[in-house]
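Chemist:
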Amino acid sequence: MTATQKIIVLRFSAMGDVAMVASVLREFSEQNPSAELIMVSRSAFKPFFDGIPNLIFHPIQPKTTHKGIDGLYKLYQELRRYKPTAIADLHDNLRSRAICTFFRLTGTNIRRINKGRAGKKRLTRANNKVFKPLRKTVELYADVFRELGLNIKLSHQIHKSPLAIPAKAQSLFTDQATRKVGISPFAQHVYKVYALAKMEEVIASLSNLGYELFIFGGGKTEETVAEQWTQKYLNTHNLIGNYNLTEELAIISNLDLMLSMDSSGMHMASLMGVPVVSVWGPTHPYAGFLGYGQSENDCLQVDHPSRPNSIYGNKPCLCGVENCIDLIQPETIVNKIKEKLNG
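Those letters in the sequence shown? Residues 8 to 350, per our numbering, in order.
(1) Please report how far the alpha carbon of residue 114 lies from the alpha carbon of residue 94, in whole angstroms.
(2) To the nearest angstrom, how far is it from the Cα of residue 8 to the Cα of residue 314?
(3) Out of 155, 276, 29, point me to the one whose CA is closest to residue 91's CA.
(4) Out of 207, 215, 242, 250, point me to the one whose CA is closest to residue 226's CA.
(5) By the three-class DSSP mapping on this structure, what secondary structure does residue 269 have?
(6) Determine, using beta carbons only, whether residue 93 comes closer than 8 angstroms to chain C.
(7) Closest to residue 173 by CA distance: which of 135, 253, 143 is it?
(8) Would you be able to state if there are at least three C-beta pairs under 8 angstroms between the region 10-18 and the region 33-48?
(9) For residue 129, which residues of its own chain have a beta-carbon under 6 angstroms away from its beta-carbon, when the five flanking residues on both sides are left out?
(10) Could you pull out every residue in the same chain whose Cβ sits closer than 7 angstroms to the Cβ of residue 105, ignoring the five residues on either side in sequence?
(11) Would you mind stating whether residue 265 and residue 258 have Cβ atoms separated by less than 8 angstroms?
(12) Excluding sequence positions up to five away, which residues of its chain have a Cβ less than 6 angstroms from the Cβ of residue 53?
(13) I'd like to confirm the pairing. Which residues does DSSP put opposite residue 95 in its beta bridges?
(14) DSSP puts residue 191 in a beta bridge; with which residues?
(15) Evaluate contact between the region 193-212 and the region 278-285, counting only Cβ atoms and requiring at least three cross-stretch pairs below 8 angstroms.
(16) Going by alpha carbons, who is nearest to residue 175 out of 246, 223, 299?
(17) Are at least three pairs of beta-carbons, each pair with one atom in the region 316-334 and one in the region 288-297, less than 8 angstroms apart?
(18) For residue 141, I'd like the list of residues in its chain whose CB is within less than 8 angstroms of its CB, leaving aside the five on either flank, ordered along the chain.
(19) Along the chain, where does the alpha helix (DSSP H) that runs through residue 337 open and close?
(20) Have a look at 232, 21, 197, 270 and flag the residue whose alpha-carbon is nearest the alpha-carbon of residue 330.
(21) Please state if the CB of residue 60 and the CB of residue 30 are separated by a distance shorter than 8 angstroms.
Here it is in structure tokens:
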């Protein structure tokens with residue numbers, strides 16, 4: 008491709024998937040400095056892409072300006088002004104396909120992600136399960152650029168580069184000697200959430216060990232739970248509802264470790280170069296959604312012939328009376344965190 012290449016990248020949701028795209032685009036931009044990127048996603052996710060060279064963020068407003076086919080045509084008209092030479096569809100949903108159809112009529116080069124649905128079905132089916140690792144989602148993203156004729160080799164390494172701590176959070180970082188642990192205990196789907204009573208045991212143990220704890224991720228209900236924990240345990244801070252995404256990313260970049268479910272917290276920490284201890288239930292890292300640059304050795308999960316039975320965690324566990332995620336003992340999580348921080 009020539010120095011005038013402009014590539015529109017489409018990935019509208021979900022939060023963790025968009026964060027993974029940002030990890031890929033950072034390395035892509037480093038390896039292809041002459042290519043210009045126009046990232047199209049929800050405006051809330053813009054902070055993921057801050058600091059990536061040669062990248063313009065263009066927001067999609069699916070509930071207002073860009074709602075319906077008329078709205079998508081309006082988005083196409085907005086994007087056409089960039090005079091793109093190629094479209095990288097990393098989403099492959101109805102909206103992204105509509106945008107691609109408009110551009111295809113103008114002869115624009117278009118490549119779309121192959122999500123590997125057949126392999127995922129084999130991995131999660133109850134009978135004749137094929138239990139083997141699938142291609143990582145970040146590599147599926149990178150494949151789209153390769154099909155466009157660009158070289159990209161992902162390092163699969165996290166790169167920590169702490170950002171300036173937001174002014175209103177600086178008081179939480181006065182003790183440089185104390186290890187800082189983020190905790191992202193919630194998820195979009197309830198089946199991916201470790202029992203809150205057991206998570207509280209984890210928090211109590213980590214607090215007693217003297218770690219500084221930062222709780223991330225969620226809405227009003229989760230904020231209430233987090234506030235209760237902060238009242239009960241020393242050195243425990245609730246960030247839910249108190250910081251915007253840009254500020255959260257800056258805080259995460261200064262942590263020593265993140266404890267997360269298979270959720271966006273894992274991917275945000277990965278983007279910021281922070282190691283993650285992750286807890287898995289009906290989903291599995293073999294499906295390709297492990298945080299970028301993270302190690303499978305840091306995934307806590309139980310072996311069971313019914314696992315995994317879900318790709319996205321929107322289906323209940325099939326492991327028996329007790330959910331497989333709750334078979335993981337709090338002390339197992341605490342010991343893994345101690346091992347990571349002291350190793």
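Here a beta-carbon is modelled for each residue, glycine too, at the ideal position from N, C-alpha and C.
Modeler: Considering the structure as presented:
(1) Working through the sequence shown from its first residue, we reach residue 114 at position 107. Working through the sequence shown from its first residue, we reach residue 94 at position 87. If I take the Cα positions, the gap works out to 11 angstroms.
(2) Here residue 8 is taken as the residue at index 1 of the sequence shown, counted from 1. Here residue 314 is taken as the residue at index 307 of the sequence shown, counted from 1. Because residue 8 carries a pLDDT of 44, less than 50, the predicted location of this residue cannot be relied on, and no value is offered for it.
(3) As a working mapping, residue 91 is identified with position 84 in the sequence shown. For the options 155, 276, 29, the alpha carbon positioned closest to that of residue 91 is the one of 155.
(4) The residue labelled residue 226 in the question sits at position 219 within the sequence shown. Comparing Cα positions, the closest option is 250.
(5) In the sequence shown, the residue the question calls residue 269 occupies position 262. Coil at residue 269, not helix or strand.
(6) This model lacks chain C altogether; it includes just one protein chain.
(7) On the sequence shown, position 166 is the one that residue 173 refers to. Of the listed residues, the one whose Cα sits closest to residue 173 is 253.
(8) In short, these stretches touch, since the Cβ pair count reaches three.
(9) Stepping through the sequence shown from its first residue, residue 129 is reached at position 122. For residue 129, where only same-chain residues beyond five positions count, the Cβ hits under 6 angstroms are 137.
(10) Start at 1 with the first residue of the sequence shown, and residue 105 comes out as number 98. Excluding residues within five positions, the ones whose Cβ falls inside 7 angstroms are 76, 79.
(11) As a first step, residue 265 must be located in the sequence shown, where it is residue number 258. As a first step, residue 258 must be located in the sequence shown, where it is residue number 251. Not closer than 8 angstroms, so no.
(12) Within the sequence shown, residue 53 is the residue found at index 46, counting from 1. Excluding residues within five positions, the ones whose Cβ falls inside 6 angstroms are 64.
(13) Here residue 95 refers to the residue found at position 88 of the sequence shown. Looking at the DSSP assignment, residue 95 forms a beta bridge with 16, 118.
(14) For the purposes of this step, residue 191 is taken as the residue at position 184 of the sequence shown. Its beta-bridge partners are 267.
(15) Here the region 193-212 does not lie against the region 278-285, with fewer than 3 beta-carbon pairs under 8 angstroms apart.
(16) Within the sequence shown, numbered from 1, the residue matching residue 175 stands at position 168. For residue 175, the closest alpha carbon among the candidates 246, 223, 299 is that of 246.
(17) In short, these stretches touch, since the Cβ pair count reaches three.
(18) For the purposes of this step, residue 141 is identified with residue 134 of the sequence shown, where counting begins at 1. 123, 126, 127, 130, 293, 294, 295.
(19) Counted from its first residue, the sequence shown places residue 337 at position 330. Looking at the DSSP string, the run of the alpha helix (DSSP H) that includes residue 337 is 337-349.
(20) Here residue 330 is taken as the residue at index 323 of the sequence shown, counted from 1. It is 197.
(21) For the purposes of this step, residue 30 is identified with residue 23 of the sequence shown, where counting begins at 1. For the purposes of this step, residue 60 is identified with residue 53 of the sequence shown, where counting begins at 1. No. Outside cutoff.
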